[in-house]
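Asks: I have a structure here, written as C-alpha cells, and I will follow up with some questions on it.
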Amino acid sequence: MAVNDNHQRIRIRLKAFDHRLIDRSTREIVDTAKRTGAIVRGPIPLPTKIERYTVLISPHVDKDARDQYEMRTHKRLVDIVQPTEKTVDALMKLDLASGVDVQISVDHDSSVGGT
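Going by this note's numbering, the sequence shown opens with residue 9, and the numbers climb by one from there.
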C-alpha cells in the first residue's frame, strides 16, 4: 500500500452514545494527524440517530401509564488528506475511549487537488 500517493484519503467515521466521548476522540485524531503533517478535513458532525421506545408500565389495564426511553447515536466524520507514513503509524498507536466505534477506510480521492 503506497501511503504517499497524492490522491489517497483516510476516512474515519466515529459513532458513540455519549457526545463527550466522541468529541474527545475526534479531537485526539485531529491533533495526531495535524502533528504528523497531514491535512485534515473535519470533524464533520453527521445527523444524530434517535431511537425512541415506549413501554407500558402498568401490569394490567392502564393504557395511560407509559415510560418513554430514547437512545441517541452521535456520529462524526474526519477525512485525512495526503497522509504520511508517520500519520498512519501514529493513528495505529492511538488509544481511544472504549465507548467509541471507529470505522476506517482508505480510498482514492479525486477531489484532493481541487477545492
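For each residue, glycine too, the CB sits at the ideal point set by N, CA and C.
Here the structure is a predicted model, which means the values were calculated and not measured.
1) Is the segment 82-93 close to the segment 51-65, with three or more CB pairs under 8 Å?
2) Which residues in the same chain as Val38 place their Cβ atom closer than 6 Å to its Cβ, once the five residues preceding and following it in sequence are excluded?
3) What is the C-beta distance between Val110 and Ile20, in whole angstroms, given that I count them as a contact (C-beta under 8 Å)?
4) Along the beta strand (DSSP E) that carries Ile58, what are the first and last residues, could you check?
5) Where do the N-terminal and C-terminal ends of the alpha helix (DSSP H) with Val86 fall, by residue?
6) Alpha carbon to alpha carbon, how far is Ala46 from Leu99?
7) Thinking C-alpha only, which one of Pro67, His27 and Thr81 is nearest Arg60?
8) If distances are taken between C-alpha atoms only, which option among His15, Gln16 and Arg28 comes closest to Leu104?
9) The beta strand (DSSP E) spanning Ala105 covers which residue range?
Replies: Based on what the coordinates show:
1) yes
2) For this step, residue 38 is matched to residue 30 along the sequence shown. The answer, listed in chain order, is Val48.
3) Counted from its first residue, the sequence shown places residue 110 at position 102. Counted from its first residue, the sequence shown places residue 20 at position 12. Confirmed, Cβ separation roughly 6 Å.
4) Position 50 of the sequence shown, counted from the first residue, corresponds to residue 58. Residues Ile47 to Leu64.
5) By one-based count along the sequence shown, residue 86 stands at place 78. From DSSP, Val86 is part of no alpha helix (DSSP H) but of the beta strand (DSSP E) over Arg74 to Val89.
6) Position 38 of the sequence shown, counting from 1, holds the residue named residue 46. Position 91 of the sequence shown, counting from 1, holds the residue named residue 99. Straight-line Cα distance between these residues: approximately 11 Å.
7) Residue mapping note: residue 60 aligns to position 52 of the sequence shown, counting from 1. Considering only alpha carbons, the answer is Thr81.
8) Start at 1 with the first residue of the sequence shown, and residue 104 comes out as number 96. Answer by Cα proximity: Arg28.
9) For the purposes of this step, residue 105 is taken as the residue at position 97 of the sequence shown. Counting along the chain, Ala105 falls outside any beta strand (DSSP E), and DSSP gives it neither H nor E.
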